[in-house]
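In the working numbering, the protein residues as written are 2 to 317. Every residue, glycine too, gets a C-beta built ideally from N, C-alpha and C. Each remark here refers to the structure printed beneath this line.
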Amino acid sequence: MKPSRIRTLLIGLTAGVAYAVLVMLFVMSVRKSVSVGYIFVLPIIFGAIPVLFSTKEQLKAYKTYLLLPWGIAITFSLLSLISGFEGMICLIIIIGPFLILGSIGGFIFRLIKLKDRDDNTPLYSCLILPFLVILLESNIQVTDQFYTVNTELEVNAPRSVVWDNIKNVRNINDEEIETHFIHLIGIPKPLDGRLDKEEVGGIRSISWAKGIKFQEHIKTWKKEEGFSYDIIVDPNSIPPITLDEHVMIGGEYFDVVNGSYKIEPLSKDRNRVILTCTYRITTNLNFYSKWWADYILNDFNEMILEVIKKRCEKVR
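Quick look at the structure:
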């Protein structure tokens, strides 16, 4: 690789990162980081930036322009993490579109430049696209949308044993918790769940690691069959460094509002436990947010049910 080519690629990488930072600062000013413009349009454009600094001769090495946007995406993500603009959970959620769409942007704009005249004005005009989309989104009123996740697990234990272990899930030890994806992205582990009275109006006090506490207010109760509850969270009680602003329970963009446990008998000593939770998302890209919310909540519910299963089957 000739030095001039290395210099061109470094300029493209630096310019791409600088452009992404500029868009990030703009997003902060309009508070629309959970947006189509930021997550889906920005990577296409920063993937195109190295093309703008390259000659047609250099563009013949197409693989470079598919992979260079990855360097921009990763460098920008690290800067976002260090600056506190994005937390680890959000970065995991957006890194996929950043990598894939960055490569697509590089591929498309490389073809355009190879087939076009030497005038790059049309290509440079694309740099304003994320700003325009973000501005447009800032004037769109988003609405709350609610979805439900159902997670189930079979437990080899009598119904009375299962019932005792879902009412209260006390003093959860690390040894009881299997490693799940949610732990790898920084979601705190549950520590304790205790019920004050076994009836409608009872309150389950929930504690997670890193200082997270909330309550589940019992609204229906059927002994040895199940119960449902509303989830009451005071966002101010959650330490600000614990969860990203964009996935904060009870926050502007996301909340878990209610849930339930249900026991379905399969045989004398075998039962199916169903854990259900209903959540709210309020963004301009609920289609993408829903996919991640379903996956993360189901993963969390599976972890809770695994703890219950181990405790129930240990009693036998």
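Check: Pro51 to Leu10 span [Cα, whole Å]; Outcome: 7 Å
Check: Under the three-state DSSP convention, the category Gln142 falls into; Outcome: coil
Check: Best match in Thr149, Ile93 and Ser261 for proximity to Gly227 [C-alpha to C-alpha]; Outcome: Ser261
Check: Contact under 7 Å by Cβ, Ala210 with Cys313; Outcome: no
Check: 6 Å Cβ shell around Tyr39 - same chain, five flanking residues per side excluded; Outcome: Val28
Check: Assigned exposure category for Arg8 - 16 Cβ within 10 Å defines buried; Outcome: exposed
Check: Straight-line gap, Leu43 to Pro131 (C-alpha atoms, nearest Å); Outcome: 6 Å
Check: Asp270 (DSSP reduced to helix, strand or coil); Outcome: coil
Check: Residue interval of the alpha helix (DSSP H) (run including Thr65); Outcome: Tyr63 to Ser84
Check: Span of the alpha helix (DSSP H), counted from its first residue to its last, around His184; Outcome: Phe182 to Leu185
Check: Under the three-state DSSP convention, the category Tyr296 falls into; Outcome: helix
Check: Span separating the alpha-carbon of Met2 from that of Thr65; Outcome: The predicted model places Met2 with a pLDDT of 46, which falls under 50 and marks its position as unreliable; any figure quoted below should be read in that light. Each residue's Cα considered, the two are about 11 Å apart.
Check: Euclidean distance between Cα positions of Pro4 and Leu23; Outcome: Residue confidence is low: Pro4 scores 45 on pLDDT, short of 50, so the model does not pin down where it sits. Its coordinate-derived value is still stated next. Spanning the two alpha carbons is a distance of roughly 28 Å.
Check: Own chain partners of Phe110 with C-beta closer than 7 Å, once the 5 adjacent residues on each side are dropped; Outcome: Ala49, Val52 and Leu124
Check: In chain order, each alpha helix (DSSP H) run of at least 4 residues that lies wholly inside the stretch 12-68; Outcome: 43-53
Check: Ser36 versus Leu276 - alpha carbon distance; Outcome: 31 Å
Check: Cβ-Cβ distance between Phe147 and Thr283 below 7 Å; Outcome: no
Check: Sub-7 Å separation of Ser229 and Lys220 beta-carbons; Outcome: yes
Check: Same chain, Cβ closer than 7 Å to Phe54, five either side skipped, listed in chain order; Outcome: Thr9, Ile12, Gly13 and Ala16
Check: Residues that Leu102 bridges to, as DSSP identifies them; Outcome: DSSP, once it has assigned bridges, lists no residue as partnering Leu102.
Check: Classification of Ala21 by the beta-carbon crowding that lies within 10 angstroms, buried from 16 upward; Outcome: buried
Check: Contact check, Glu265 vs Arg273, beta carbons under 7 Å; Outcome: yes
Check: Buried/exposed call for Ser30, threshold 16 Cβ in 10 Å; Outcome: exposed
Check: Spatial neighbours of Lys291 in its chain, beta-carbon cut-off 7 Å, leaving aside the 5 residues before and after; Outcome: Tyr148 and Ile282
Check: Cα-Cα separation between Ile188 and Ile90, rounded to whole angstroms; Outcome: 8 Å
Check: Beta-bridge pairing of Cys313 - partner residues as DSSP gives them; Outcome: DSSP, once it has assigned bridges, lists no residue as partnering Cys313.
Check: Proximity of Phe182 and Asp300 at Cβ, strictly below 7 Å; Outcome: yes
Check: Phe41 versus Ile309, Asp295 and Phe288, residue with shortest Cα-Cα distance; Outcome: Phe288
Check: Beta-carbon proximity of Cys127 to Ile46, cut-off 7 Å; Outcome: yes
Check: Simplified DSSP state of Arg171, which is helix, strand or coil; Outcome: coil
Check: Rounded C-alpha distance that separates Val163 from Val234; Outcome: 27 Å
Check: Beta-ladder partner(s) of Phe288, from DSSP; Outcome: In DSSP, Phe288 forms no bridge with anything.
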